[in-house]
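Each step along the sequence shown adds one to the number in the numbering used here, with nothing skipped, and position 263 is 652.
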Amino acid sequence: MKRLYLSVISILCFVVASFAAEEEVQITAPWGNIAATLATPEGGSDTAVLIIAGSGPTDRNGNSGLNLNTFAYKMLADGLAAEGLAVMRYDKRAIGLSHYPAEEVPNLLFDDFVDDAALCAEYLRARGYSRIILAGHSEGGAIALLVATERSVAIDGIVLLSAAAFPMDEILRWQLSEQLMPSHIGLMVTANNLIIRLKRGERIAEESIPKELLALFHPRVQPFITSSMQHDPREVAARCTQPMLIISGGRDIQVTTANGEALYAAQPRAEHVVFQNMSHVLKDAASADRVEQLVSVYTNSQLPLTEGLTSTIAQFINNI
């Protein structure tokens, strides 16, 4: 079934009662330890939600050194704990306190992050939680889908938050076209050629990449990008047997509502909820203007989550 939510801008400061005790935990992995925070509500819970972060150097709280300062994952964990759910959020491999050898970073593949998420889910199962729910944000949605379908740990439900429906190469083309067209058409043509070569598995030398595109296509990240391009979230979603909630934001400048629609079309047993004013970082935006959002929403740690987001997720989980 499908629902449409019309949310409004909240002018209140973010306030949440302290209903949970937070515990710092370490999950053992073949490469080292995954650093995580586990919030347990008063009275405990038989259900644990695992928040899986989005792309780039985004930490367990939803922040990064790339001027992303939202604390969105921390706010989501607090909100769900207040609803009586245990919640774990973690630093991805090589991010935050999940230390990883710097010389090994260029060899990281997308499936490595899927393996780490599966280990976190297994840890929660070993802690005695009878229901494990994956809440994947952005790229974390694709990771959640693969954990649920291709790893051995049992998953009881999936929440896809502003998750992409299309392979990485298609997402990159759309995002770059939004920024480069029509004024930088030559650079867009070059980017498209780089994407084609990467999807074929080619390695591209640094000197062959324009400086404007180097951060995105640097040789250090090419293995990860190539491996990510091999997965189509729609195909994986179609194979999912677990209950699924798809959440889209009407003012998302990174992953449009068309992605949510495509995931819903691939898995019509899911539920698709659209928050009309929600941005990609799970907070309301006054407009869909890219620059305005980057300045006023992506850097605002005090802005609350979109109204109704947490309660919608909690209701979905409680109905499983």
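Ideal Cβ placement from N, Cα and C applies to all residues, glycine included.
As assigned by DSSP and simplified to three states, the class of residue i
{"i": "residue 626", "result": "helix"}
{"i": "residue 592", "result": "coil"}
{"i": "residue 453", "result": "strand"}
{"i": "residue 395", "result": "With a pLDDT of 36 at residue 395, under the threshold of 50, the modelled position of this residue cannot be trusted, and the question is left open."}
{"i": "residue 472", "result": "coil"}
{"i": "residue 583", "result": "helix"}
{"i": "residue 570", "result": "coil"}
{"i": "residue 691", "result": "coil"}
{"i": "residue 518", "result": "coil"}
{"i": "residue 479", "result": "strand"}
{"i": "residue 531", "result": "helix"}
{"i": "residue 526", "result": "strand"}
{"i": "residue 431", "result": "coil"}
{"i": "residue 672", "result": "coil"}
{"i": "residue 486", "result": "coil"}
{"i": "residue 559", "result": "helix"}
{"i": "residue 575", "result": "helix"}
{"i": "residue 439", "result": "strand"}
{"i": "residue 511", "result": "helix"}
{"i": "residue 552", "result": "coil"}
{"i": "residue 665", "result": "coil"}
{"i": "residue 494", "result": "helix"}
{"i": "residue 414", "result": "strand"}
{"i": "residue 699", "result": "helix"}
{"i": "residue 547", "result": "strand"}
{"i": "residue 677", "result": "coil"}
{"i": "residue 426", "result": "strand"}
{"i": "residue 708", "result": "coil"}
Between the CA atoms of residue j and residue i - distance to the nearest angstrom
{"i": "residue 596", "j": "residue 414", "result": "42 Å"}
{"i": "residue 473", "j": "residue 634", "result": "19 Å"}
{"i": "residue 699", "j": "residue 705", "result": "10 Å"}
{"i": "residue 684", "j": "residue 655", "result": "35 Å"}
{"i": "residue 552", "j": "residue 649", "result": "7 Å"}
{"i": "residue 418", "j": "residue 574", "result": "44 Å"}
{"i": "residue 579", "j": "residue 613", "result": "20 Å"}
{"i": "residue 438", "j": "residue 641", "result": "24 Å"}
{"i": "residue 658", "j": "residue 527", "result": "21 Å"}
{"i": "residue 690", "j": "residue 637", "result": "21 Å"}
{"i": "residue 469", "j": "residue 431", "result": "12 Å"}
{"i": "residue 601", "j": "residue 585", "result": "18 Å"}
{"i": "residue 523", "j": "residue 467", "result": "16 Å"}
{"i": "residue 686", "j": "residue 675", "result": "9 Å"}
{"i": "residue 517", "j": "residue 428", "result": "14 Å"}
{"i": "residue 492", "j": "residue 412", "result": "31 Å"}
{"i": "residue 410", "j": "residue 461", "result": "18 Å"}
{"i": "residue 425", "j": "residue 515", "result": "15 Å"}
{"i": "residue 680", "j": "residue 564", "result": "14 Å"}
Sequence-distant residues of its chain with Cβ nearer than 6 Å to residue i (five each side left out)
{"i": "residue 441", "result": "506, 525, 529, 532 and 533"}
{"i": "residue 631", "result": "537, 544, 546 and 547"}
{"i": "residue 511", "result": "542"}
{"i": "residue 618", "result": "556, 557, 558 and 588"}
{"i": "residue 447", "result": "453"}
{"i": "residue 464", "result": "694"}
Buried versus exposed, by CB contacts within 10 Å (16 or more), residue i
{"i": "residue 560", "result": "buried"}
{"i": "residue 557", "result": "buried"}
{"i": "residue 455", "result": "exposed"}
{"i": "residue 696", "result": "buried"}
{"i": "residue 520", "result": "buried"}
{"i": "residue 639", "result": "buried"}
{"i": "residue 397", "result": "Note that residue 397 scores a pLDDT of 32, beneath 50, so its modelled location is shaky and nothing firm can be said."}
{"i": "residue 666", "result": "buried"}
Closer than 7 Å: residue i CB and nearest the ligand NAD heavy atom
{"i": "residue 431", "result": "No copy of the ligand NAD occurs in the structure displayed, which carries no ligand at all."}
Beta-carbon proximity list for residue i, same chain, < 7 Å, skipping 5 on both sides
{"i": "residue 592", "result": "608 and 611"}
{"i": "residue 625", "result": "534, 535 and 538"}
{"i": "residue 434", "result": "473, 474 and 475"}
{"i": "residue 572", "result": "none"}
{"i": "residue 489", "result": "420, 421, 482 and 483"}
{"i": "residue 444", "result": "527 and 528"}
{"i": "residue 682", "result": "642, 668 and 674"}
{"i": "residue 616", "result": "498, 499 and 500"}
Residues near residue i in its chain [Cβ-Cβ closer than 8 Å; skip 5 each side]
{"i": "residue 569", "result": "576, 577 and 580"}
{"i": "residue 734", "result": "Residue numbering for the chain in the displayed model covers 390 to 709; residue 734 lies beyond these limits and cannot be assessed."}
**Report entry** In chain order, each beta strand (DSSP E) run of at least 3 residues that lies wholly inside the segment 596-659
**Finding:** 633-638
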